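K.L.:
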Amino acid sequence: IAPGGGRIRGTFPPSIPIMVSRNGKEFVSNGERNVRAGTQYKVTTARDTLDIRLNELDKGSWVMFELPGFTEAASGKELDSLDALQMAETTSYFKNDEALWVKVVSSGDIPGRGQGQPPGQGESLTVSR
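What follows is the structure, encoded as structure tokens:
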């Protein structure tokens, strides 16, 4: 993955699809999907919970997700508006009556970040209905 990019990954049973959309294009996720840092995605699924994991992102890079029907994030800071979420510099979330919005900010999981240093675990966040 090029600098400024990332990967969302997880292991999901194939029975309940996850749809990821951006700019009018929709993709079925098979448990791992490349995403671009600094972008926003809409994620729709009938699943009750969803684990979001981002890795291979430069420190401070972020990806935002709109999750219709979801109401809880297991970690991150709750913010009181979408504007505040867009300005956040740490992993945070905002919820309204229609969706949960999460912004996952990287702490610097960079492959090959130093001689003999493996990449970190990345950032993760679990959301639920």
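For the sequence shown, this note's numbering assigns the number 1 to the initial residue and increments by one for each residue that follows.
The C-beta atom is built at its ideal place from N, Cα and C for all residues, glycine as well.
None of the values given here were measured: they were computed from a predicted structure.
1) Buried or exposed: residue 69, going by 16 or more other Cβ atoms within 10 Å of its Cβ?
2) Comparing alpha-carbon positions, which option in 38, 56, 20 and 108 lies nearest residue 45?
3) Applying the criterion that 16 or more other CB atoms from any shown protein chain within 10 Å of the CB defines a buried residue, is residue 15 buried or exposed?
4) Is residue 20 helix, strand or coil when you go by DSSP?
5) Count the C-beta pairs between the stretch 96–107 and the stretch 60–78 that are closer than 8 angstroms, then say yes if the count reaches three, no if not.
6) Using the beta-carbon count (16 or more within 10 Å), is residue 94 buried or exposed?
7) Here's the rule I'm using: 16 or more other beta-carbon atoms within 10 Å means buried, otherwise exposed. How should residue 89 be labelled?
8) Assign residue 38 to buried or exposed, taking buried as 16 or more other Cβ atoms, counted over all protein chains shown, within 10 Å of its Cβ.
9) Where do the N-terminal and C-terminal ends of the beta strand (DSSP E) with residue 67 fall, by residue?
10) Less than 8 angstroms between the C-beta atoms of residue 127 and residue 67, yes or no?
11) Once DSSP output is grouped into helix, strand and coil, what is the label at residue 97?
12) Which same chain residues end up closer than 6 angstroms to residue 2 when comparing Cβ atoms and leaving out the 5 residues on each side of it in sequence?
P.N.:
Taking the coordinates as given:
1) exposed
2) 20
3) exposed
4) strand
5) yes
6) buried
7) exposed
8) exposed
9) 62–68
10) yes
11) coil
12) Because residue 2 carries a pLDDT of 45, less than 50, the predicted location of this residue cannot be relied on, and no value is offered for it.
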